[in-house]
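Chains as they are written, first to last, in the working numbering: chain A, 3 to 101; chain B, 168 to 646.
No residue lacks a Cβ here, since even glycine has one placed at the ideal position from N, Cα and C.
Keep in mind that this is a model prediction, so the values were computed, not measured.
Some notes on the structure that comes next.
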């Protein structure tokens with residue numbers, strides 16, 4: 003996991019993937035801070051993990067099922083649409099996707 | 168004015184000796200009196216008064232109002248409570264009034280408990296001081312120039328300031344235990360899955376737990392017994408201990424305990440004042456007749472690196488839903504949907520949330536996944552094996568909660584990695600999924616700040632952990 007210091011371009015690429023717009027100052031600061039954090043976690047590369055599998059669930063549960071049935075919580079669409087910022091004709095309204 | 172033991176309060180309310188409305192007024196008065204500590208984000212005065220009145224009416228009509236009848240409590244702001252904003256102390260959730268309530272709150276209310284306020288935290292749980300709250304910093308009740316710890320710093324401070332007899336927090340990597348240690352109350356991180364995450368703003372789903380904070384282990388156990396266990400709304404939940412979690416009449420016998428002192432936590436990086444306090448507690452256990460021996464968990468020094476790969480990965484995934492389209496907060500100046508996402512997230516997330524999202528995005532991105540995420544999940548297996556091994560030989564493991572007592576506001580603010588190091592001792596139990604408790608011990612002669620002892624048990628041994636902690640409380644806490 004040898005990694006070089008993150009460049010401004012690396013940070014901008016990450017920000018685009020993460021859908022966050024950054025100021026110039028933030029780009030510079032994150033280049034340093036993320037490099038330091040990734041440098042710290044790099045110590046894991048030398049851990050001896052021969053014969054071990056990754057753990058994804060710690061209490062040993064697998065395929066937890068429940069009945070496929072509708073539970074009525076008594077909400078109306080209007081109540082739930084109250085939460086979203088913009089609504090039109092009972093639908094969530096967003097900006098155009100292609101500019 | 169101090170609170171009586173929680174069981175006593177509920178008994179008094181059910182017997183008509185105490186009115187729920189008076190308890191709510193006492194809580195609201197304490198919240199008002201101590202508002203300069205900035206522990207609270209919002210207060211539910213009207214809702215709480217109306218719940219109290221209906222409880223008092225029930226009692227007047229001869230109906231039992233539950234095991235927590237009239238007992239006020241405070242919820243961390245990342246728990247969804249009906250009718251009040253749930254912001255998780257983040258700007259991006261401003262204005263979000265949830266249409267449903269978390270399972271934990273439902274279960275507490277069903278037994279008569281009354282939520283009086285929502286408490287401050289590091290936004291989304293990202294932090295160890297509440298300095299990452301998007302709103303304000305909570306002050307330590309023992310010293311206003313110091314942090315109360317975090318991320319459940321608001322709930323912890325509120326309990327010590329006697330705003331309510333208990334609070335509910337969340338612990339993903341130490342967010343209950345570390346603030347409990349910094350302010351001098353008890354806090355439980357339960358076994359992973361023993362508490363429903365339904366209706367709790369997600370941080371890292373593989374380690375998020377919901378735990379109580381209180382002034383005594385007895386109160387902690389009493390409250391935990393009410394809400395622990397399976398929930399069909401959270402498929403990762405596991406069943407309760409058949410014996411429940413309330414303390415039994417017969418006290419735990421300390422001379423029967425086999426206690427392991429975790430060697431890796433007593434070495435470098437531990438402040439002298441914390442070391443002195445923990446060593447005093449070790450001596451107290453020995454004097455009480457327990458077997459206390461040093462144990463080694465060789466991979467422990469790697470746990471913080473594992474944590475700061477896995478948790479940002481899960482954070483970046485869980486916070487993807489906050490895109491400016493689904494909750495109230497939305498930046499409308501963007502020219503298209505993509506810009507609406509990037510600008511809403513730029514404005515709505517604080518610095519630490521952005522930082523963790525970026526790290527998580529990096530370690531999960533194509534080409535880096537195996538080297539970071541998969542490697543970390545595999546080292547996690549190693550850590551689990553080593554914990555299982557020592558927990559077969561010892562009933563409980565002990566050590567510090569954090570390498571230091573409460574630090575000054577601003578002291579670690581400019582160096583994110585330095586702030587992460589505060590989590591050094593709390594992240595491993597979270598990654599392994601075992602229960603752990605923070606218990607106040609004798610403060611060192613070098614500081615006036617509280618210091619906590621961390622006690623860890625094997626998975627699903629939360630009841631034994633609470634029983635042991637109650638007995639330990641008697642021998643290690645000397646004010």
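### Task
Out of B:456, B:448, B:506, B:524, point me to the one whose CA is closest to residue 476 of chain B's CA.
B:524
### Query
Which residue from B:546, B:620, B:512, B:220 puts its Cα closest to that of residue 19 of chain A?
B:512
### Beta carbon proximity, residue 628 of chain B to chain A, threshold 8 Å
no
### Query
With which residues is residue 381 of chain B paired in a DSSP beta bridge?
B:333, B:353
### Message
Below 9 Å on C-beta distance, what does residue 503 of chain B contact in chain A?
### Response
97, 98, 99, 100, 101
### Message
In whole angstroms, give me the CA-to-CA distance for residue 561 of chain B and residue 420 of chain B.
### Response
15 Å
### Query
Cα-Cα, which of B:567, B:608, B:488, B:577 is closest to residue 593 of chain B?
B:567
### Task
Check residue 36 of chain A in the structure and name its three-state DSSP category.
helix
### Task
State the CB to CB distance for the pair residue 227 of chain B and residue 187 of chain B, rounded to an integer number of angstroms; the pair is presumed to be in contact (CB under 8 Å).
Not confirmed; about 11 Å, so no contact.
### Query
With distances taken between CB atoms, is the gap from residue 63 of chain A to residue 270 of chain B smaller than 8 Å?
no
### Message
With the cut-off set at 8 Å, would you say residue 206 of chain B and residue 287 of chain B are in Cβ contact?
### Response
yes
### Query
Using 8 Å as the limit for Cβ to Cβ distance, is residue 80 of chain A near chain B?
no
### Message
Within 10 Å of its beta-carbon, does residue 59 of chain A have 16 or more other beta-carbons around it, so buried, or fewer, so exposed?
### Response
exposed
### Task
Less than 8 Å between the CB atoms is what I'm expecting for residue 314 of chain B and residue 320 of chain B, so what's the real figure, rounded?
7 Å
### Task
Name, please, each residue of chain B whose Cβ falls closer than 8 Å to the Cβ of residue 47 of chain A.
538, 542
### Query
Under a CB-based cut-off of 8 Å, is residue 658 of chain B close to chain A?
What the structure shows of chain B is the stretch from 168 to 646, and residue 658 of chain B is not part of that stretch, so it cannot be assessed.
### Query
Considering only residues of the stretch 524-567 of chain B, which uninterrupted alpha helix (DSSP H) runs meet the minimum length of 4 residues and lie entirely inside it, listed in chain order?
542-560
### Query
Fully enclosed by the stretch 450-506 of chain B, which alpha helix (DSSP H) runs are 4 residues long or longer?
470-485
### Query
Under 8 Å, do residue 394 of chain B and residue 174 of chain B count as touching if we go by C-beta distance?
no
### Task
Put residue 307 of chain B into one of helix, strand or coil per three-state DSSP.
strand
#### Entry: 8 Å Cβ cutoff, residue 534 of chain B in contact with chain A
no
### Query
What are the boundary residues of the beta strand (DSSP E) that residue 285 of chain B is part of?
281-286
### Query
In the structure shown, what three-state DSSP assignment does residue 578 of chain B receive?
coil
#### Entry: Nearest residue (CA-CA) to residue 547 of chain B, options A:31, A:76, A:57, A:27
A:57
#### Entry: C-beta neighbour in chain A for residue 493 of chain B, strict 8 Å
yes
### Message
Taking the beta carbon of residue 474 of chain B as the centre, do at least 16 other beta carbons fall within 10 Å, making it buried, or is it exposed?
### Response
buried
#### Entry: 6 Å CB neighbourhood of residue 425 of chain B in its chain, flanking five on each side removed
458, 561, 562
### Task
Output, in chain order, the set of chain B residues within a Cβ distance shorter than 7 Å of residue 90 of chain A.
Chain B residues near residue 90 of chain A: none, gap ~13 Å exceeds 7 Å.
### Task
Name, please, each residue of chain B whose Cβ falls closer than 9 Å to the Cβ of residue 68 of chain A.
399, 402
### Query
Which of the residues in the stretch 202-235 of chain B, read from start to end, lie with their CB under 7 Å from any CB of chain A?
none
### Message
Rounded to whole angstroms, what is the Cα-Cα separation between residue 242 of chain B and residue 100 of chain A?
### Response
43 Å
### Task
Can you give me the start and stop residues for the beta strand (DSSP E) that residue 147 of chain B sits inside?
Outside the modelled stretch of chain B, which goes from 168 to 646, sits residue 147 of chain B, for which no answer is possible.
### Task
Give me the Cβ distance between residue 368 of chain B and residue 245 of chain B, rounded to the nearest whole Å; I'm assuming they're in contact under 8 Å.
4 Å
### Query
Which residue from B:380, B:231, B:520, B:199 puts its Cα closest to that of residue 298 of chain B?
B:520
### Beta-ladder partner(s) of residue 90 of chain A, from DSSP
A:93
### Cα-Cα separation, residue 88 of chain A to residue 192 of chain B
39 Å
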